[in-house]
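To start, the structure under review is shown below, and the notes come after it.
In this note's numbering, the protein residues as written are 9 to 240.
See the structure below:
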């Protein structure tokens, strides 16, 4: 796979500095992954395809011409937020994750790459929503939970007329069907689903785009145990 050419198909022109940052990201990811479980994918081309390019596909759902705030919920090893931050200086990126060791890795990574548009915090999404509800232009999550559960964690954080962009595998359409009720209750409206395939038969993906059209009722999000036990 030619990463630069695939990025061009997304209207992303990779500069030498960006390419160097992606190489630095890969090296750091593999180094830290040797003693901390960040990813099962470590082979160079696979990381570039299944992590970096997959993350960059979020631009299909974004307007990159204007500055925007984006919160990545449960970012894990930094996907999709760090690849987006590398290529888009217009993005003001906030990462939250419930696992402190992952946040420590991400803060070290951000410093290592010299990214000044990213902040990472050790927070649970349901608690962060109480602090920062309705604050973000875009909220995203990749492979964290099924969409009916994820919607309750993410939609409360989105501004009115902002977007929740869920990055899913091939189960996107199926998950959307079971999440319709939750999305409606939480103030969202399904705007679009973008289906695509990664190069080299690396898998089918769906990007589910949900617009926030009204305020989320104050009682949401509930504590995670309750969300999981009784999804909306």
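Note that the Cβ used here is the ideal one computed from N, Cα and C, for glycine as well.
Of the residues the options, the one placed nearest residue i, counting alpha carbons only
| i | options | result |
| --- | --- | --- |
| residue 41 | 73, 86, 62 | 86 |
| residue 130 | 81, 121, 144 | 81 |
| residue 181 | 72, 212, 169 | 212 |
| residue 100 | 145, 109, 62, 122 | 145 |
Residue i vs residue j beta-carbon contact at 9 Å
| i | j | result |
| --- | --- | --- |
| residue 58 | residue 206 | yes |
| residue 159 | residue 137 | no |
| residue 229 | residue 134 | yes |
| residue 90 | residue 117 | yes |
| residue 104 | residue 150 | no |
| residue 98 | residue 75 | yes |
| residue 201 | residue 171 | no |
| residue 60 | residue 161 | no |
| residue 240 | residue 115 | no |
| residue 102 | residue 64 | no |
Assigned secondary structure, residue i (DSSP; H/G/I helix, E/B strand, else coil)
| i | result |
| --- | --- |
| residue 11 | helix |
| residue 126 | strand |
| residue 110 | helix |
| residue 176 | strand |
| residue 27 | helix |
| residue 214 | strand |
| residue 201 | strand |
| residue 171 | strand |
Nearest-angstrom Cα separation, counted from residue j out to residue i
| i | j | result |
| --- | --- | --- |
| residue 238 | residue 119 | 40 Å |
| residue 208 | residue 13 | 14 Å |
| residue 9 | residue 210 | 10 Å |
| residue 39 | residue 112 | 14 Å |
| residue 142 | residue 79 | 11 Å |
| residue 185 | residue 203 | 15 Å |
| residue 30 | residue 66 | 17 Å |
| residue 227 | residue 51 | 44 Å |
| residue 179 | residue 154 | 9 Å |
#### Entry: Sufficient close CB pairs (3 or more, under 8 Å) joining the region 120-138 to the region 74-89
yes
### Query
Are three or more beta carbon pairs between the region 29-41 and the region 155-171 nearer than 8 Å?
no
### Message
Does the region 92-102 come into contact with the region 16-31, if we say contact requires no fewer than three beta-carbon pairs (one atom in each stretch) closer than 8 Å?
### Response
yes
### Message
Would you call the region 216-223 in contact with the region 187-200, where contact means no fewer than 3 C-beta pairs closer than 8 Å?
### Response
Yes, the region 216-223 touches the region 187-200.
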